[in-house]
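Novice: For reference, the structure I am asking about is given below.
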Amino acid sequence: MNKKIAFVLIIIGLLAVSAVSAQNLLFLNNSDDSMYQVSLMQAFMHGEYDGVITVGDLKTHGDIGLGTFEGVNGEMIVLDGVVYQAAADGSIKVVPDNETIPFATITRFNEDQKIPTITAKDFNDLTSQLDNEIKKYGPNNMYVVKLKGDFSNITVRSVEKQEKPYKEFTDVAAADQKVFNHTDQTGTVVAVYFPKYMNELNMHGWHLHYLSDDKTKGGHVLGFNNFKGSGQIDEIHEFKMILPTDDSFAKMNFTENMTSKISSVE
Ligand SMILES: [Zn+2]
């Protein structure tokens, strides 16, 4: 074989190997049946607000989810692969890839079930209907539900960026929570559900974040009136979690039961 042909064959071989590994990497990161969580809610509740991974890294693990930013700098809504920040001044921004995240849950949305129409008079009505819906498929799975539609009004909150030393989240919510009430809204709610046995890692039940269709309003959902729309359900059977690497997390005391504190603010 002459040198030129040998060289061409080596190049083709190298390209083939790199294409296969790129595909494997894509497959690993794009698993559509995995919930990826940054830190645990219990650490977050104790004031663990330093970033663990970047927005750019987070986006390789999914395209829908919720969370917050370093220092609890507003509420995170991930929708269609875009990471939005609902800031404490009420504005919505698309977040650059180098921002960091202390807490988030994200997955790659894959519709398993449809809710063709859903009407709910308020938050509790919606979550009890969602509870009934997922009972059909099993309350021990994790779920992300994408709800699209109209609200006669919706109340969302965001939180002001914190400076160190960080307060516990119940104190942050008491002192620095900003509440917004928006009327005649059309948008999407990202609803994340964790089963009861995961209460030590996140919280049992539904956690809702909202983003308006015009991408000008959003945040953590505290309440609403008169939702009319439709839903898509993603049933999830795999869970991955990345922990903070700092000493304050490694030595944190988790003996306190945080369930009532979490349900008071989340
Ligand atoms: Zn939230």
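Residue 265, in numbering that gives the first Met the number 0, is where the sequence shown stops; the numbers in between run on with no holes. By construction, the Cβ of each residue, glycine as well, lies at the ideal position given by its N, Cα and C atoms. Everything numeric in this text was worked out from a predicted model, so none of it was measured.
1. Determine the burial state of V178: buried for a count of at least 16 other Cβ atoms within 10 Å of its Cβ, exposed for fewer.
2. DSSP state of D124, grouped into three classes?
3. Residues in the same chain with beta-carbon distance under 7 Å from T118, minus the five sequence neighbours each way, listed in chain order, please.
4. Is L65 close to ligand 1? I mean its beta-carbon at under 7 Å from any heavy atom of the ligand.
5. Determine the extent of the beta strand (DSSP E) in which D31 is found, giving its start and end residues.
6. From N256 to E167, what distance separates their C-alpha atoms?
7. Can you tell me which of the three DSSP states E237 falls into?
8. Alpha helix (DSSP H) containing Q41: first to last residue?
9. If you scan the segment 60-135 from start to end, which runs of the alpha helix (DSSP H) of 4 or more residues do you find wholly inside it?
10. Taking buried to mean at least 16 other C-beta atoms within 10 Å of its own C-beta, is S33 buried or exposed?
11. I'd like to check one pair, V71 with V158: are the Cβ atoms closer than 8 Å?
12. Terminal residues of the continuous beta strand (DSSP E) containing D149?
13. Where does the unbroken alpha helix (DSSP H) through G137 begin, and where does it stop?
14. For T244, which of helix, strand or coil comes out of DSSP?
Specialist: This is what the structure holds:
1. exposed
2. helix
3. F226 and K227
4. yes
5. Segment: none, D31 is in no beta strand (DSSP E) and carries neither H nor E.
6. 14 Å
7. strand
8. M40 to M44
9. 122-134
10. buried
11. yes
12. M141 to V158
13. No alpha helix (DSSP H) contains G137, which DSSP labels as neither H nor E.
14. coil
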